[in-house]
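**Q** Residue numbers (full-length UniProt numbering): 1 to 300.
(1) Cβ of residue 95 within 7 Å of any heavy atom in the ligand MG?
(2) Could you pull out every unbroken alpha helix (DSSP H) segment of at least 4 residues lying fully inside the region 140 to 202, listed in chain order?
(3) According to DSSP, is residue 289 helix, strand or coil?
(4) Use the C-beta contact count for residue 3: other C-beta atoms within 10 angstroms, 16 or more gives buried, fewer gives exposed.
(5) So the candidates are 155, 100, 191; which of them puts its Cα closest to the Cα of residue 29?
(6) Taking only the alpha-carbon atoms, compute the straight-line gap between residue 62 and residue 286 and give it to the nearest angstrom.
(7) Beta carbon of residue 155, beta carbon of residue 217: below 8 Å?
(8) Closest to residue 177 by CA distance: which of 39, 164, 157 is it?
(9) Would you mind stating whether residue 170 and residue 160 have Cβ atoms separated by less than 8 Å?
(10) Count the other CB atoms within 10 Å of the CB of residue 280; is the residue buried (16 or more) or exposed (fewer)?
(11) Go through its chain and collect everything with a Cβ distance to residue 207's Cβ below 7 Å, but skip five positions before and after it.
(12) Measuring CB to CB, does residue 271 end up less than 8 Å from residue 131?
(13) Tell me which residues share the same chain as residue 67 and place their Cβ nearer than 7 Å to its Cβ, disregarding the 5 neighbours each side in the sequence.
(14) What does a CB cutoff of less than 6 Å around residue 140 pick up in its chain, not counting 5 residues either side in sequence?
(15) Take the Cβ of residue 53 as the centre, count every other Cβ of all protein chains shown within 10 Å, and call the residue buried at 16 or more, exposed below.
(16) With a threshold of 7 Å on Cβ separation, who are the neighbours of residue 196 within its own chain once the five nearest residues in sequence on each side are excluded?
(17) Quick one: what does DSSP say residue 218 is sitting in, helix, strand or coil?
(18) Which of the three DSSP states is assigned to residue 27 in this structure?
(19) Helix or strand or just coil, what does DSSP make of residue 127?
(20) Does DSSP put residue 43 in a helix, a strand or coil?
(21) Please determine, among 111, 90, 188, the residue with the shortest C-alpha to C-alpha distance to residue 374.
(22) Give every residue of the same chain whose Cβ lies closer than 7 Å to the Cβ of residue 233, excluding the five residues on either side of it in the sequence, and list them in chain order.
(23) Are the beta-carbon atoms of residue 80 and residue 32 separated by less than 8 Å?
(24) Just tell me which of 98, 23, 113 has its CA closest to the CA of residue 77.
(25) Taking buried to mean at least 16 other C-beta atoms within 10 Å of its own C-beta, is residue 294 buried or exposed?
(26) Bridge partners for residue 70 per DSSP, in chain order?
(27) Kindly identify the DSSP beta-bridge partner or partners of residue 244.
(28) For residue 164, which residues of its own chain have a beta-carbon under 8 Å away from its beta-carbon, when the five flanking residues on both sides are left out?
(29) Take residue 75 as the anchor and find which of 220, 113, 278, 166 has the nearest alpha-carbon.
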């Protein structure tokens, strides 16, 4: 079931210039990074990162596409409103950004919580999504397995972060050991980037936003996925599930039979990469995304 896609190296050509700007959305002032031209690729980062996560992949992707990488609400340089941070809100922000940039349809790729937003966008607004990439998490069609139950103790931090008041304190208080531990584990994020993410959580508004993400999105949506809430919502566009070969958070057997629920799904592993897949191997991620979207020609 797991395929190791082989593609040609990205063309060696100058990297397109990167543009950073603020986009006024109906409910959010969003910081957005853009580069390149052509087919739109919307990149949605994970927790507790920002569009900076994609910084090493964007120049490669932008050689073949128009890349749009926002900071999600509460992260990076986007606003952290005192509002809800559920899936409907983050999905709504993504749709509003596409509208603001006058983009009808896009390839949508998300990592971690960004992958949940990407899948939700594909399910609720299939007319806006041509391909969807899901990185480091399962799509919304997994089936409960004993191995998943055994893995639950390793996700204790999700419930701690979801706890009112406690979650925000864990993110911003003292030496910020929990966010540092998260960024250092599961494959590791470059130290300079990790310091930027940790520093942003010292802002009380962003710490509250991070806690609300877990309380209003991660925990409740995971429970809905396990209960099968999305199994009758079959997307028609191609789905790429991309996992790090050394990412042991997700038991692989939960993905067995997933093609019964999603008619066009590819599951691939990136050898040697952990949970922080884009940080570990940005060029490989970019290569696979481009090949999946039909923007480069895979090698035989």
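Glycine residues also receive a C-beta, built at the ideal position from the N, C-alpha and C atoms.
**A** To lay it out plainly:
(1) Ligands displayed in this structure: none; no statement on the ligand MG is therefore possible.
(2) Runs of alpha helix (DSSP H) with 4 or more residues, each lying fully within the region 140 to 202, are found at 146 to 151, 156 to 162, 166 to 172, 177 to 184, 191 to 200, listed in chain order.
(3) In this structure, residue 289 counts as helix in the three-state DSSP scheme.
(4) Reliability of the predicted coordinates at residue 3 is poor, the pLDDT of 32 falling under 50, and the value obtained from them is presented with this limitation in mind. Exposed, because fewer than 16 other Cβ atoms sit within 10 Å of the Cβ of residue 3.
(5) It is 100 whose Cα lies nearest to the Cα of residue 29.
(6) Their backbone Cα atoms lie some 10 Å apart in a straight line.
(7) Residue 217 sits away from residue 155, with the two beta carbons spaced by 8 Å or more.
(8) Taking only the C-alpha atoms, the option nearest residue 177 is 157.
(9) For residue 170 and residue 160, yes; Cβs fall inside 8 Å.
(10) With 16 or more other Cβ atoms within 10 Å, it is buried.
(11) So the list reads 168, 171, 172, 201, once near-sequence residues are dropped.
(12) No, the Cβ-Cβ distance between residue 271 and residue 131 is not below 8 Å.
(13) Only 34, 35, 36, 41, 43, 58, 61 meet the Cβ criterion.
(14) Non-local beta-carbon contacts of residue 140 in its own chain, meaning distances under 6 Å to residues more than five positions away in sequence, involve 119, 225, 230 in chain order.
(15) Buried, by the Cβ-count rule.
(16) Leaving aside the five residues that flank residue 196 on each side, the residues in its chain whose CB is nearer than 7 Å to its CB run, in chain order, 52.
(17) Looking at residue 218 - three-state DSSP - the assignment turns out to be helix.
(18) Note: residue 27 maps to coil in three-state DSSP.
(19) DSSP places residue 127 in helix when its eight states are reduced to three.
(20) Here DSSP, grouped into helix, strand and coil, assigns residue 43 to strand.
(21) Outside the shown range of the chain, which is 1 to 300, sits residue 374, and nothing can be said about it.
(22) For residue 233, same chain residues with a beta-carbon under 7 Å away, outside a window of 5 residues either side, are 123 in chain order.
(23) No; because the gap between Cβ atoms is not below 8 Å, this pair is not in contact.
(24) When each option's Cα is compared against that of residue 77, the closest is 23.
(25) By the neighbour-count rule (16 or more Cβ atoms within 10 Å), residue 294 is not buried but exposed.
(26) DSSP, once it has assigned bridges, lists 32 as partnering residue 70.
(27) 270, per the DSSP bridge assignment.
(28) Excluding residues up to 5 positions away in sequence, 211, 215 lie with their Cβ nearer than 8 Å to the Cβ of residue 164 in the same chain.
(29) That would be 113, whose Cα lies nearest to the Cα of residue 75.
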